[in-house]
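A.B. asks: Submitted below is the structure of interest, expressed as structure tokens.
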Amino acid sequence: MSQYQLPAAQGDAEGASLVVYYFGAGQGGSVDANLERWIGQMQTPDGKPSKDKAKTENTTVNGLKVTLLDVAGAYAGSDMAGGGAAQSKPNFRMRAGVIETPKGAYFIKLVGPEKTVSRWDQAFQEFVRSAEFKA
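Here it is as structure tokens:
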């Protein structure tokens, strides 16, 4: 796991967190299971899961299958390292993705205040588009 803190956009009280996970071949769960879990960590203002508002995109990057997620709402996940108590943080946004390689999937998750994640969205997309597999 690699974790990065991205500076907050002006006016946001906290920055965003970018985490990249790699568990090995056949590990970390399916693409759909991860998408469902990530979407379940975001809630709409009425407290319902944000599945209806979540946007997914399937693409290919340098021959690798990539699935991306964009969802906003109240973040109800635990801290980025996977430990700690769940928190409810309103007006958050999550950009996440799964990059499938011959040696297993890489899972990428960017989460933070909506304005801050929007500030870093282009860099996130460029980061994903830079992925390549070298045997």
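Its first residue numbered 58, the sequence shown is counted upward by one per residue in the numbering used here. Think of the CB as a built atom: it goes at the ideal place given N, C-alpha and C, for glycine as much as any other residue.
1. Determine the contact status of V155 and F164, defining contact as a CB-CB distance below 9 angstroms.
2. Considering only C-alpha positions, which residue in the set A133, V123, P147 and G169 is nearest to A184?
3. Could you tell me which residues DSSP puts in a beta bridge with M151?
4. Going by C-alpha distance, which of D89, G134 and A153 is nearest Q144?
5. Reducing DSSP to helix, strand and coil, say where A138 ends up.
6. Tell me which residues share the same chain as N115 and place their Cβ nearer than 6 angstroms to its Cβ, disregarding the 5 neighbours each side in the sequence.
C.D. replies: This is what the structure holds:
1. With contacts defined by Cβ atoms closer than 9 angstroms, V155 and F164 form a contacting pair.
2. Looking at the sequence shown, residue 184 is not Ala but Phe. The shortest Cα separation from F184 among A133, V123, P147 and G169 belongs to V123.
3. DSSP lists V128 and V168 as partners of M151.
4. If we check each option's Cα against that of Q144, G134 comes out closest.
5. Confidence is the limiting factor: at A138 the pLDDT is only 47, short of 50, which leaves the residue's position unreliable, though a coordinate-based value still follows. If DSSP states are grouped into helix, strand and coil, A138 belongs with coil.
6. Within the same chain, N115 has close Cβ partners T124.
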